[in-house]
Amino acid sequence: ACVLRALRIEGYDVEYWRENRESFGYEWDQFGFLQSEIGNALRTVLALAAPLLCIRPLELLVINNERLGMVFASSTHMMQELADFGTLLVIVGFGFVVSFEILAPGYSLDESTRLYGTHPFEFSDAGSVAWLPVWSLFGYFEPMLLEKSADAVPITTCVFLFMWMLIAVILVMNLLIAAFNDQWNESKTDFEAESAFSMSKETRLMLRRYPVPAPFNIVFMLKDLLELPYFYCKYRKNSMGDLDAKDLKDLLNRQTSNKGMVSIQLQSSFSARELNLKKQPSHSVH
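What the sequence shown shows, in the UniProt record's numbering, is residues 1 to 286, in sequence order.
Shown next as structure tokens:
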């Protein structure tokens, strides 16, 4: 409810404020900017939480569906592969972003600003040259208009774009597809073991949960927090043994009196037959 209430904060017209900034004053500007930034931050958090909230019920669903579970497990491993290749693309792509900004500073996907002056280098603008390596992976770029942009170097810009497409689309993407194929085959082979592990993990989580849902489980959490020092002291006492002098003396006397007998506290690796042989004297065979 607090998030939804914060999302209802009314924004302000930035262009109107820029034209009349002197009449509003510094305090209004600071408060309005703060309102806008808080609203954007809350909207971003809510947008990130929405996919995670949908993934959690999916994890419970794949336990009862073998085929869906195999797809989910394989997708999880593929996301790890995608993160490795994504790091490579981000590092190399940033270098090409700087190159495109130098070679074609006037490029923009917006028709009204493509051929008029230098377009600002801003990651907040999806149509600027900063996002050119990203959209080019999906085919959303225009090589001819890139060459005709303001202050562009015609041939060199096309050569750099060709190099980027060669590295990203042909080399890295094909390696990523090959890694996905291998990961799918491995997931099909190891799915039974992963399914058993996931089942045991979910079972342990269900056993450790509180009998009431959130937020009513806060009462039980506070109770466990208050009982934590007591159980910690009890565990240390049991683990250390805490033998007093009398118990230690009785233990030493018991071990001394049973020195010549076979103790029942031997290691479990000895079988009953070996214990009997140790008790009986050895006889020579004539």
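The beta-carbon is built from N, C-alpha and C at its ideal position, and this holds for glycine as well.
CB contact flag (residue i, residue j, <8 Å)
i, j, result
"residue 88", "residue 169", "no"
"residue 100", "residue 162", "no"
"residue 53", "residue 61", "no"
"residue 108", "residue 136", "no"
"residue 81", "residue 179", "yes"
"residue 232", "residue 220", "no"
"residue 176", "residue 85", "yes"
"residue 133", "residue 191", "no"
"residue 288", "residue 92", "It is not possible to answer for residue 288, since the shown part of the chain is limited to 1 through 286."
For residue i, the first and last residue of its enclosing alpha helix (DSSP H)
i, result
"residue 91", "66–103"
"residue 182", "173–189"
"residue 134", "132–136"
"residue 159", "154–165"
Burial state of residue i, where buried means 16 or more other Cβ atoms lie within 10 Å
i, result
"residue 45", "exposed"
"residue 164", "buried"
"residue 98", "exposed"
"residue 157", "buried"
"residue 154", "exposed"
"residue 70", "buried"
"residue 146", "buried"
"residue 50", "exposed"
"residue 242", "Here the model assigns residue 242 a pLDDT of 49, short of 50, so the residue's position is not dependable and the matter cannot be decided."
"residue 200", "exposed"
"residue 41", "exposed"
"residue 83", "exposed"
"residue 47", "exposed"
"residue 196", "exposed"
heavy atom of the ligand NAD below 7 Å from residue i C-beta
i, result
"residue 197", "Ligands are entirely absent from the displayed structure, and the ligand NAD is therefore not among its contents."
Open item on the list: When you compare the stretch 214–223 with the stretch 93–107, are there three or more beta-carbon pairs, one atom per stretch, that lie closer than 8 Å?
Closed with: no
Task: Touching by the beta-carbon criterion (3+ pairs, under 8 Å), the stretch 180–187 and the stretch 63–74 - done: yes
- [ ] Tell me the start and end of each unbroken alpha helix (DSSP H) in the stretch 34–58 that is at least 4 residues and wholly inside, in chain order.
- [x] none
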